[in-house]
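If you're matching positions, the sequence shown starts at 0 in numbering that gives the first Met the number 0 and goes up one per residue. Ideal placement from N, C-alpha and C gives every residue a C-beta, glycine not left out. Please read all numbers here as calculations on a predicted model, not as lab measurements.
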Amino acid sequence: MGNLLTISLFLQKSWRKNVCVFYFLVCLLSNTIYINSSVIGSIFTIGFNIDLTNSSVVLCKLYVYISYLCSAFFPIILILASIDRLLISSQNVDTRLYSSKRLAYFSTSIATFICVVFYFHVLIKFNIQEIYPGVFICYYDLSKFYLAFSTYSDIILTVIISFVVVILSVLSFKNVRHIQTVPRQERRQIRTMNKKDFQLLRCLYIHNIMFIICSILTLINIGYGTAIKYQTVTSFEQAIQTFLTLLSIFVHSIPFCTSFIIFISISRAFRLELKRFFYRIYGKHFPTMRDENNHQQVSSRKNIELRHVVSTIVV
């Protein structure tokens, strides 16, 4: 519900012209598909005792493929959004021009094509496997080669993506710090980011940090499972492996569910837009940000004048 509400707000004219908002819209749409694919499967399995993925080969392959695709698509879009914020915060005018909707459409299309092609092996290797006599589940190919390929590719991709996200975040942070150190009189000549851009950049930072933290926990689980896979496992080690696996599944889903909380906590413009949205539902008028800023300026002026009068009287 939070993702759908955020999508409806970002589709408004005042937001959708921002390039970073376009990347957030793609993330929100992909995250919503990922969340609902898991939720719908659990509803049928637990609520109605109908395990669709274990009864149909097509649904098994499609369900796993969509999960893999959306799970990998989210960090890639974070990288593209970080590149866009790096471009828009640059001091070079020519570099800032590269931050455009055209580049966003092109890069997103290329990223989608790469993800679709790279994870095509999921459609081939996943099938309804007989794990135990009479027990069939939707599972990947049990060959050692595919298991090693899947494990090491996940580790390599997670490390590379996290490393790239850290570098881009640090570089864009340096650009923003430089903008803030420029004197106020000269800031208008190089500053192309408004308040909403800065708020979106902070939201992007939180998304990146959350993804990196969750990725580290996932890597710990994969590394521990790989280390004890070919050893004689004690009951205590098996308990640790089960705990890490369940924790990894839980932590892996956190970045897909927290976008609404991040936006409403970090972005003041988003909170005002959310208030305006609910005011509109109830048919009430809500002042715009410009009106509120003007009201704050008038109030600050009155306070200054009042202080001046009080100081004059005291003197």
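Classify residue i as helix, strand or coil using the three-state DSSP reduction.
i, result
"phenylalanine 135", "strand"
"glutamine 11", "coil"
"asparagine 35", "helix"
"asparagine 126", "strand"
"threonine 157", "helix"
"leucine 315", "It is not possible to answer for residue 315, since the shown part of the chain is limited to 0 through 314."
"aspartate 50", "coil"
"threonine 231", "coil"
"lysine 274", "helix"
"serine 171", "helix"
"lysine 283", "coil"
"cysteine 256", "coil"
"valine 313", "Here valine 313 scores only 46 on pLDDT, less than 50, and its place in the model should not be relied on; the value that follows carries that caveat. Three-state result, valine 313: helix."
"serine 214", "helix"
"aspartate 140", "coil"
"lysine 16", "coil"
"methionine 192", "coil"
"tyrosine 145", "helix"
"glutamine 90", "coil"
"leucine 61", "helix"
Between residue i and residue j, what straight-line distance do the alpha-carbon atoms span, to the nearest angstrom?
i, j, result
"threonine 241", "valine 250", "14 Å"
"phenylalanine 255", "alanine 238", "27 Å"
"serine 37", "histidine 177", "43 Å"
"arginine 101", "lysine 194", "23 Å"
"isoleucine 136", "isoleucine 155", "28 Å"
"threonine 94", "alanine 80", "15 Å"
"threonine 244", "proline 132", "25 Å"
"isoleucine 76", "aspartate 140", "29 Å"
"leucine 27", "phenylalanine 259", "9 Å"
"isoleucine 219", "phenylalanine 105", "35 Å"
Excluding five sequence neighbours on each side, which residues of the same chain lie with their C-beta closer than 7 Å to the C-beta of residue i?
i, result
"threonine 31", "Asn2 and Leu3"
"phenylalanine 262", "Thr5, Cys202 and Phe269"
"glutamine 198", "Ile265, Ser266, Arg267 and Ala268"
"serine 161", "Ile211 and Ser214"
"serine 7", "none"
"isoleucine 208", "none"
"phenylalanine 276", "Leu8"
What's the call for residue i, buried or exposed, on a 16-neighbour Cβ count within 10 Å?
i, result
"threonine 217", "buried"
"threonine 157", "buried"
"glutamate 272", "buried"
"isoleucine 253", "exposed"
"aspartate 83", "buried"
"isoleucine 130", "exposed"
"phenylalanine 279", "Reading off the sequence shown, one finds arginine at residue 279, where the question assumed phenylalanine. Burial call: exposed."
"asparagine 91", "exposed"
"tyrosine 33", "buried"
For residue i, which residues in the same chain have their Cβ closer than 6 Å to its Cβ, ignoring the five residues on either side in sequence?
i, result
"valine 175", "Ser88"
"glutamine 128", "Tyr138"
Q: Could you tell me whether the segment 116–129 touches the segment 38–50, using the rule of 3 or more Cβ pairs below 8 Å?
A: no
Q: Could you tell me whether the segment 226–233 touches the segment 256–275, where touching means 3 or more Cβ pairs closer than 8 Å?
A: no
Q. Using 8 Å as the Cβ pair cut-off and three pairs as the minimum, do the segment 55–71 and the segment 145–152 touch?
A. no
Q) So does the segment 104–115 actually touch the segment 67–85, counting three or more Cβ pairs closer than 8 Å? A) Three or more Cβ pairs drawn from the segment 104–115 and the segment 67–85 lie within less than 8 Å of each other, which places the two stretches in contact.
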